[in-house]
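Participant: Numbering (this note's numbering), first residue to last: 13 to 508. Here it is: the structure, laid out below.
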């Protein structure tokens, strides 16, 4: 197993929506294998697969019923072996999603090993903890064994990581995949791995409470979740995970401000920095998000601007700004995570309420719109499947890989160019704070300068040397002296 290079680029695949190889309308492992060449040509170092384990799909596969199997809708273990082998041939490492916080209620452990889970000590909810998407975090066991804790949906009972048997069983599952050639894991929801052993209620949030990341649920936004998540002894569980995987790459989804990530990074290679992910697209907010991440050790932040749970870039930053967003993401130190379709500018699409968050009368929070099939060509189905897809392709005639492959000025080619240029960059971010227009974000890394205009009007550009990359494919020569809205560049630092 080779270590990922510094500042890796990781490409996220949502398997159900990437490529259908067997004609049933849903993406599968064989389809991913067919398309790995696209990821390699992009210049990515690794591919991360969202969950492919057997699952009732109460939460898009994050409710695993067997962490050492493959859901038949995605294929077989042999298909997984072929995918891993082909990825390695192309120089790509493979990261699997691992979900240590919980299992599906249909996992055999829930029936055979109830001591693996967290139970109330009384005949009813233990306390007032709330699940991530709103509502009580305790539900009555359908088998009459009491009330169990679930940080997410009731179909996802929480594992008890204070029971050593849980660490042993989960570690064995990770080892199973390492033995098959998987190179590492993205660890889901680590901030909810351990809770307060005294099970105290979370206090209400007050105006002087420390800042927190945005919450989907008003229930959680009203509370300081100091007891229902992020227990001080979480390092014990993390050490167990690290021991199970040895030197394999581990990146953690820890939904905390960057200032709270230090205990996790003692055991992880990287952790997602979410301030930028949630930042409004204006220069002041983006500078603040980059400042917040300065507390992280150099190269240990994992950066992401879109994923399967949140709106795509054209919705978040505006169609005119997606090139500048790519420039920002791909020039920061640490790991850069690119969600499938971002490289061709995929936008949010309509949903069909496959996602539990979108099944109520209010569809505001449904995530289906971020999970549409990948548009490979301009045909009505986008080249995703020969059957009716599980969700419709969203306007593939407007944005697709085949058309952008032929256009050297396309967004796809910009992603490739930026990833190639990324290899030149070294050192931490040093924000340029003086002599820069209010709407321009500028920073240096080593001998290079990055500048982008996040405003609505043309702004003067900071002084720079020779141009390396430009958001709109201006070639060679000196860097521009002004920046239009949504324009940016990577250039050499000027010589004085």
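Glycine included, each C-beta is placed from N, C-alpha and C at the ideal position.
Going by other Cβ atoms of all chains shown within 10 Å of its Cβ, with 16 needed for buried, is residue 482 buried or exposed?
Facilitator: Your numbering for residue 482 matches position 470 in the chain shown. Buried: at least 16 other Cβ atoms inside 10 Å.
Participant: Taking the runs of the alpha helix (DSSP H) that are 4 residues or longer, which of them lie wholly in the segment 256-321?
Facilitator: Counting only runs of 4 or more, we get 274-277, 286-290, 295-304.
Participant: Between the Cα of residue 392 and those of 410, 382, 380, spot the shortest distance and give me the residue it belongs to.
Facilitator: Sequence index remark: in the chain shown, residue 392 carries index 380 (1-based). With distances taken between Cα atoms, residue 392 lies closest to 410.
Participant: Counting only runs of 3+ residues fully inside the segment 59-110, write out the beta strand (DSSP E) ranges in chain order.
Facilitator: Segments of the beta strand (DSSP E) lying fully in the segment 59-110: 105-110.
Participant: Going by CA-CA distance only, name the one from 38, 145, 46, 139 that's closest to residue 71.
Facilitator: Along the chain shown, read from residue 1 onward, the residue named residue 71 stands at position 59. Among 38, 145, 46, 139, the Cα nearest to that of residue 71 is on 145.
Participant: Go ahead and label residue 124 buried or exposed: buried means 16 or more other beta carbons lie within 10 angstroms of its beta carbon, across all protein chains shown.
Facilitator: Numbered from 1 along the chain shown, position 112 holds the residue referred to as residue 124. Label assigned to residue 124: exposed.
Participant: Quick check: the segment 178-189 against the segment 130-146, are there 3 or more CB pairs under 8 Å?
Facilitator: No, because fewer than three Cβ pairs between the segment 178-189 and the segment 130-146 fall closer than 8 Å, the two stretches do not touch.
Participant: Count the other CB atoms within 10 Å of the CB of residue 372; is the residue buried (16 or more) or exposed (fewer)?
Facilitator: For the purposes of this step, residue 372 is taken as the residue at position 360 of the chain shown. Note that residue 372 has pLDDT 43, beneath the 50 cutoff, so the model's placement of it is unreliable and the number below is only indicative. Burial call: exposed.
Participant: Under three-state DSSP, which class holds residue 374?
Facilitator: Residue numbering aside, residue 374 sits at position 362 when the chain shown is read from its first letter. Only weak support is given to the placement of residue 374: the predicted model assigns it a pLDDT of 34, under 50, and the question is left unresolved by the model.
Participant: Pull up the distance between the alpha-carbon of residue 421 and that of residue 287, whole angstroms please.
Facilitator: Against the chain shown, residue 421 aligns to sequence position 409. Against the chain shown, residue 287 aligns to sequence position 275. Approximately 31 Å between the Cα atoms of the pair.
Participant: Is the segment 297-305 touching the segment 54-64, taking contact as three or more C-beta pairs under 8 Å?
Facilitator: Result no; under three Cβ-Cβ pairs closer than 8 Å.
Participant: What separation, rounded to the nearest whole angstrom, lies between the Cα atoms of residue 470 and residue 328?
Facilitator: In the chain shown, counting from the first residue as 1, residue 470 sits at position 458. In the chain shown, counting from the first residue as 1, residue 328 sits at position 316. Spanning the two alpha carbons is a distance of roughly 21 Å.
Participant: Along the chain, where does the beta strand (DSSP E) containing residue 482 start, and where does it finish?
Facilitator: Reading the chain shown from its first residue, position 470 is the one you call residue 482. Residue 482 -> beta strand (DSSP E) spans 479-482.
Participant: Using a threshold of 8 Å, state whether the C-beta atoms of residue 285 and residue 305 are closer than that.
Facilitator: The residue labelled residue 285 in the question sits at position 273 within the chain shown. The residue labelled residue 305 in the question sits at position 293 within the chain shown. For residue 285 and residue 305, yes; Cβs fall inside 8 Å.
Participant: Could you tell me whether the segment 252-272 touches the segment 351-359, where touching means 3 or more Cβ pairs closer than 8 Å?
Facilitator: No: the two stretches stay apart, fewer than three of their Cβ pairs being nearer than 8 Å.
Participant: Measuring only the C-alpha atoms, how far is residue 320 from residue 26?
Facilitator: Numbered from 1 along the chain shown, position 308 holds the residue referred to as residue 320. Numbered from 1 along the chain shown, position 14 holds the residue referred to as residue 26. When rounded, the distance between both Cα atoms is 7 Å.
Participant: Cβ of residue 75 within 8 Å of Cβ of residue 147?
Facilitator: The residue labelled residue 75 in the question sits at position 63 within the chain shown. The residue labelled residue 147 in the question sits at position 135 within the chain shown. No.
Participant: Going by DSSP, what residue range makes up the alpha helix (DSSP H) through residue 503?
Facilitator: Counting from one through the chain shown, the residue named residue 503 turns up at place 491. Note, residue 503: premise wrong, no alpha helix (DSSP H); beta strand (DSSP E) at 500-504.
Participant: For a test of the three-state rule: what should DSSP assign to residue 43, helix, strand or coil?
Facilitator: Start at 1 with the first residue of the chain shown, and residue 43 comes out as number 31. In this structure, residue 43 counts as helix in the three-state DSSP scheme.
Participant: Specify, as a first and last residue, the run of the alpha helix (DSSP H) that residue 347 falls within.
Facilitator: Counting from 1 along the chain shown, the entry for residue 347 is found at position 335. Careful: residue 347 lies outside any alpha helix (DSSP H), inside the beta strand (DSSP E) at 347-351.
Participant: Does the Cβ-Cβ distance between residue 113 and residue 170 come in under 8 Å?
Facilitator: Sequence index remark: in the chain shown, residue 113 carries index 101 (1-based). Sequence index remark: in the chain shown, residue 170 carries index 158 (1-based). Contact: yes.
Participant: Using the rule of at least 16 other Cβ atoms within 10 Å of the residue's Cβ for burial, across every protein chain shown, is residue 240 buried or exposed?
Facilitator: Sequence index remark: in the chain shown, residue 240 carries index 228 (1-based). Result: buried.
Participant: So for residue 432, helix, strand or coil by DSSP?
Facilitator: One-based indexing of the chain shown puts residue 432 at position 420. Helix at residue 432.
Participant: Give me the Cα-Cα distance between residue 336 and residue 126, rounded to the nearest whole angstrom.
Facilitator: Within the chain shown, residue 336 is the residue found at index 324, counting from 1. Within the chain shown, residue 126 is the residue found at index 114, counting from 1. Roughly 50 Å between the two C-alpha positions.
Participant: Below 8 Å on the Cβ atoms is my contact criterion, and I expect residue 197 with residue 110 to pass it. Report the Cβ-Cβ distance as a whole number of Å.
Facilitator: In the chain shown, residue 197 corresponds to position 185, counting from 1. In the chain shown, residue 110 corresponds to position 98, counting from 1. About 4 Å separates the two Cβ atoms, so the contact holds.
Participant: Pull up the CB-CB distance for residue 40 and residue 86, whole angstroms please, since I reckon it's below 8 Å.
Facilitator: As a working note, residue 40 is residue 28 in the chain shown. As a working note, residue 86 is residue 74 in the chain shown. With a Cβ gap of about 5 Å, residue 40 and residue 86 count as contacting.
Participant: Skipping 5 residues on each side, what residues in its chain have a beta carbon closer than 7 Å to that of residue 36?
Facilitator: Position 24 of the chain shown holds residue 36. Hits under 7 Å: 399.
Participant: Express the C-alpha separation of residue 424 and residue 417 in angstroms, rounding to a whole number.
Facilitator: The count along the chain shown starts at 1 and reaches residue 417 at position 405. The count along the chain shown starts at 1 and reaches residue 424 at position 412. Their Cα atoms are separated by approximately 7 Å.
Participant: Pick out whichever of 316, 330, 323 has its Cα sitting closest to the Cα of residue 342.
Facilitator: As a working note, residue 342 is residue 330 in the chain shown. The shortest Cα separation from residue 342 among 316, 330, 323 belongs to 316.
Participant: Report the residue ranges of all beta strand (DSSP E) runs contained in full by the segment 119-175; include only those spanning at least 3 residues, in chain order.
Facilitator: You should have 150-152, 159-161.
Participant: Can you list, in chain order, the residues of its chain with a C-beta nearer than 7 Å to that of residue 275? Leave out the 5 residues immediately preceding and following it.
Facilitator: By 1-based counting over the chain shown, the position of residue 275 is 263. Hits under 7 Å: 246, 247.
Participant: Under the three-state reduction of DSSP, which class applies to residue 471: helix, strand or coil?
Facilitator: Here residue 471 refers to the residue found at position 459 of the chain shown. Residue 471: strand per DSSP, three-state reduction.
Participant: Please go through the same chain and pick out, in chain order, the residues whose beta-carbon is closer than 6 Å to the beta-carbon of residue 183, but skip the five residues on each side of it.
Facilitator: Looking up residue 183 in the chain shown gives position 171. Closer than 6 Å at the Cβ level, and outside the excluded window around residue 183, lie 256.
Participant: Going by the DSSP bridge assignment, what does residue 196 pair with across the sheet?
Facilitator: Stepping through the chain shown from its first residue, residue 196 is reached at position 184. Residue 196 is bridged to 107, 261.
Participant: Give the range of the alpha helix (DSSP H) segment to which residue 24 is assigned.
Facilitator: For this step, residue 24 is matched to residue 12 along the chain shown. Element bounds for residue 24: not the alpha helix (DSSP H) but the beta strand (DSSP E), 21-25.
Participant: Taking the straight line between their C-alpha atoms, what separation do you get for residue 17 and residue 486?
Facilitator: Along the chain shown, read from residue 1 onward, the residue named residue 17 stands at position 5. Along the chain shown, read from residue 1 onward, the residue named residue 486 stands at position 474. C-alpha separation (whole angstroms): 29 Å.
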